[in-house]
Amino acid sequence: MIYVIDHEDSFTYNLVHLLEGFAPTYVSNYYDINWRQLEKSEIIIFSPGPGNPSNYLETQKVYKNYKGKKKIIGICLGFQQILYAENAKIVPQKKIYHGYQSKVKALKVSSLFKPNKVFLTGRYHSLKLKEPFNSSSLKISMRCVESNVAMAIEDTINNVYGFQFHPDSFLTVDGKFLIQKVLQF
Amino acid sequence: MLNNKEYLNKIFQSNKPLIIYKTIGGYDVYTDFKEKITLNSKNFKNFLNKKTLQSKSPIKELNCYVGFFGFQLLCENIKIKIPKQQSLNFYPGLVYKPQTIIKIRKNIVIKSLLKNFRQLQTSKYENKYFYQKKFNLNLDESKYSNLFKHFSKKIKLGETYQIKICQTYSNKSNIDAVNFFWKLMSINESPESFLIRDKDYSIISCSPETLIEKKKDVIITKPIAGTLNRTKKMTKKFANNFFKKNEKESKEHNMIVDMERNDLSRICNTGTVKINKLKTVEQYRDLYHYVTEIKGKLKKHITNHDIISAMMPGGSVIGCPKINTIKLLNGREKLNRNIYTGSFGYINANGDMRFNIIIRSILNYKKRAEISAASGVVIDSKPKREYKENYIKAKSLLDLFKT
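Chains G and A, in that order, give the protein sequences.
Quick note: the first sequence uses our numbering, first residue 1, plus one each step.
Quick note: the second sequence uses our numbering, first residue 1, plus one each step.
So this is what it looks like as C-alpha cells:
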C-alpha cells in the first residue's frame, strides 16, 4: 500500500493515477492525515503543493517518524520537504519554472538511473535547494542540464527519494518509467 | 394559429422566462418552467444526487434541469469560504425544469408536455429597456498593477503558479436580453453561448469554454488557456505559430492541462485520463484561443456531486493550484463574482450533463449590468498586457451597449 499526503495541489491526482498502476494507493489531505493508515503503508509519498516546506509541519513530523523505517518519496514540494527536514535551505530562484519542459540528467552517484541519461521533464517550482548542500546519506542524483539546479535525490541507506520535477506531468516523457524505478528499487 | 417561427418570435418579444443554449447546428430554447429551485450550499448536494434523477418525462429532451451555479456556491461546495464582499445579493444558483423545448435548427421543432403551450399568456408588459454606453471599472490600471505585483510576489514564493485577476465593468441598464443575445450571436457565436431571461434578471454569455461534457461514463473537458488579440489580417495559421513559439502562453497552457488532467483523475478510472487533442487554435471575432481536449472514463459509483466537486469551479479561470489560488484571490477580491466563473448547463435524469464556464457574460440584475473578465498572471506576465487582455475579452460585450 502506498500512502499519498496531498498538500492540496492541483497535480496530486495525476501522480496518484501513475502510482495506482503499480500498487493500491491511499490519498489523504494534508490536514487530515490518517496515522493508522500511514502505519500500515509500505511507501509514503509527499505530494507537490503550493508554498514552502516550512508551512507543513505535519509532513515534517511524518518524515522524522518514518525515515529509515518506510520508503519515502517526495515530489516537487515533497522533494523540498525531505531536504528541509535534512536541514537544507529552500530558497527562491531567479528563473522560475512553471509549466516548463526541461532536460534533466542523471549523475554518476545515481543508483537508480544510468549516469548521463537525460530525461525530458515537466517542472512547476518557484523554490529550489540552496547549495552547497552536504549530507552523509542523501545524494543529489539528477540535475537540470541548463541551470544545474538539483532535480532528484537518493538516500539508499534510509530509502528516501525525491524528484523536483513532476513525473506525473504530461510534459514528462518517461514519467511511468521514472516512478517505476523509484518504487521498485 | 401561429406557426413555429411566429410563435418563437412572440415568446422572444414577451417577458416569458426562457433559456437559450447553443448546441451543435443551432440553439435549444427551454421554456414553460414547471419548477425553479434556488440552490445554496445546503441543498446543492442533495439536488445534484437525488432531485435530478427524479425528473422523468415522456420527452427525453425535457428530462433535465437547466440552470447555473454561481462562483460562491461552487467555492462553498468545496469548503472554501468567501469573506464578506460587496454584493448584489444575486441568486447563488438557480435551476429550472422545462416543459417545452424549441429546437432552432434548419427548421424550428417544438416539443412540449403542455397541450395548449401555444396559448401564450402575455400580460401587457411595458418593457422599460434602457442602457448606458459607459461603464465603470472596479479596478483601474494602477489598482490592477498593484494587485498584479502582489500576486507576482506570491508566485515567486511558490504559493501559486498562475492566478487570474478579475475585473468587472458595470453600468445602469435594463437590457432587452433576447435582442442583445442575438446581436451577440451575430458577431460572436461561441460553442457555449447561452441566455437566461427571468422576471427579475437576465444573463447572456458567449462563453467558448466547455467544462463538462458527460455521456454515460465518458467525461470530456476542454480547457482554454492562451488568448491572442485578433486583427483583420491575421490568419489561424499565424495564431497557431504565435502560440507555439510563445513560451509564456505555452507554459500557461501546460499548467492548465495538467490541472484538468488532475481534476478528471479524481473521478476517473486509473489510466483512462487521456489528452484527446493537444493545443488546437479556435477562432473568434476578436480573439484566438488555445484549447486542449481531455477525456476520461468515470469510476463506478461516482455521483453527479462528486463530478461537480472535482471539476468546479473550473480551474482555467482561477489559476493553479486551485484551492490555494482561490484563497489568495478571495483575500483580495472586494466584489462578489456572482455568476462569473460559475457554470451554466444541464443535468439529465440519466446522469448525462453538459456544463460550461461562465465567462464573456452580462448579468443584468436590479437595473445593473455587469461584465467581468480575467487573465492570468504567470511569472513572465506584464501588467499592461494582461490589463489589455481583460479589455479584449470584454470588448465584444461592451460593444453591444454602443449601438
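Each residue gets a CB set at the ideal place from its N, CA and C atoms; glycine is no exception.
| Query | Result |
| --- | --- |
| Count the other C-beta atoms from every protein chain shown that fall within 10 angstroms of the C-beta of residue 21 (chain A), then say buried if there are 16 or more, exposed otherwise. | buried |
| Chain A partners of residue 171 (chain G), CB-CB under 7 Å? | 254 |
| Just to confirm the assignment: which complete alpha helix (DSSP H) runs, minimum length 4, are found wholly within the segment 252-325 of chain A? | 304-311 |
| Hey, is residue 149 (chain G)'s beta-carbon within less than 8 Å of any beta-carbon in chain A? | no |
| Would you say residue 346 (chain A) reaches chain D, if we count a Cβ-Cβ gap shorter than 8 Å as a contact? | Structure shown: chain D not included; protein chains present are G and A. |
| Under 9 Å between beta-carbons, which chain A residues line up against residue 203 (chain G)? List them in chain order, please. | Only positions 1 to 185 of chain G appear in this structure, which leaves residue 203 (chain G) out of reach. |
| Bridge partners for residue 197 (chain A) per DSSP, in chain order? | A:18 and A:202 |
| Relative to chain G, which residues along the segment 136-159 of chain A have a C-beta separation below 7 Å, given in chain order? | 155, 156, 157, 158 and 159 |
| Counting beta carbon pairs with one atom in the segment 273-288 of chain A and one in the segment 235-249 of chain A, are three or more of them shorter than 8 Å? | yes |
| Alpha helix (DSSP H) containing residue 141 (chain A): first to last residue? | 141-156 |
| Which term fits residue 46 (chain A), buried or exposed, when burial requires 16 or more other beta carbons within 10 angstroms of its beta carbon? | exposed |
| Going by beta-carbon coordinates alone, are residue 223 (chain A) and residue 292 (chain A) separated by less than 8 Å? | yes |
| Could you give the first and the last residue of the continuous alpha helix (DSSP H) run that contains residue 349 (chain A)? | Run containing residue 349 (chain A): none; DSSP gives neither H nor E here. |
| Could you spell out the range, first to last residue, of the alpha helix (DSSP H) harbouring residue 383 (chain A)? | 383-398 |
| Using the DSSP secondary-structure output, state which residues sit across from residue 104 (chain G) in a beta bridge. | G:119 and G:144 |
| Should residue 259 (chain A) be flagged as near chain G, meaning a C-beta pair shorter than 8 Å? | yes |
| If you pair each beta-carbon of the segment 107-126 of chain G with each one of the segment 13-27 of chain A, do three or more pairs fall below 8 Å? | no |
| How far does the alpha helix (DSSP H) with residue 161 (chain A) in it reach, from first residue to last? | No alpha helix (DSSP H) holds residue 161 (chain A); DSSP gives it neither H nor E. |
| Do the segment 4-11 of chain G and the segment 27-42 of chain G make contact, defined as three or more Cβ pairs closer than 8 Å? | yes |
| Measure the alpha-carbon distance for residue 310 (chain A) versus residue 267 (chain A) and round it to whole angstroms. | 7 Å |
| I believe residue 130 (chain G) touches residue 91 (chain G) by the beta-carbon criterion, under 8 Å. Please report the beta-carbon distance rounded to the nearest angstrom. | 5 Å |
| What in chain A is Cβ-close to residue 52 (chain G), meaning under 9 Å? | 157, 158 and 159 |
| Could you work out which residues of chain A lie near residue 20 (chain G), taking near to mean beta carbons separated by less than 9 Å? | 270 and 271 |
| Comparing C-alpha positions only, which one of A:389, A:294, A:402 and A:379 sits nearest to residue 423 (chain A)? | Because chain A here runs from 1 to 403, residue 423 (chain A) falls outside it and cannot be looked at. |
| Hey, is residue 132 (chain G)'s beta-carbon within less than 8 Å of any beta-carbon in chain A? | no |
| Kindly say whether residue 162 (chain G), judged by its beta-carbon, lies nearer than 8 Å to any beta-carbon of chain A. | no |
| Taking its Cβ as the centre, do 16 or more other Cβ atoms sit within 10 Å of residue 2 (chain A), making it buried, or is it exposed? | exposed |
| Can you tell me the Cα-Cα spacing of residue 159 (chain A) and residue 52 (chain G), whole angstroms? | 8 Å |
| Can you check which of these residues, A:250, A:342, A:225 and A:163, is closest to residue 75 (chain A) by C-alpha distance? | A:342 |
| Taking CB distances under 8 Å as the criterion, tell me whether residue 218 (chain A) reaches chain G. | no |
| Counting only beta-carbon separations shorter than 8 Å, does residue 265 (chain A) have a partner in chain G? | yes |
| Which two residues bound the contiguous alpha helix (DSSP H) that contains residue 128 (chain A)? | Note, residue 128 (chain A): premise wrong, no alpha helix (DSSP H); not H, not E. |
| Could you check whether the Cβ of residue 378 (chain A) sits closer than 8 Å to any Cβ belonging to chain G? | yes |
| In chain order, what residues of the same chain lie with their CB nearer than 7 Å to the CB of residue 25 (chain G), ignoring the 5 residues before and after it? | 2, 4, 16 and 19 |
| Whole-angstrom Cβ separation of residue 159 (chain G) and residue 71 (chain G), contact assumed at under 8 Å? | 4 Å |
| Please report how far the alpha carbon of residue 398 (chain A) lies from the alpha carbon of residue 371 (chain A), in whole angstroms. | 8 Å |
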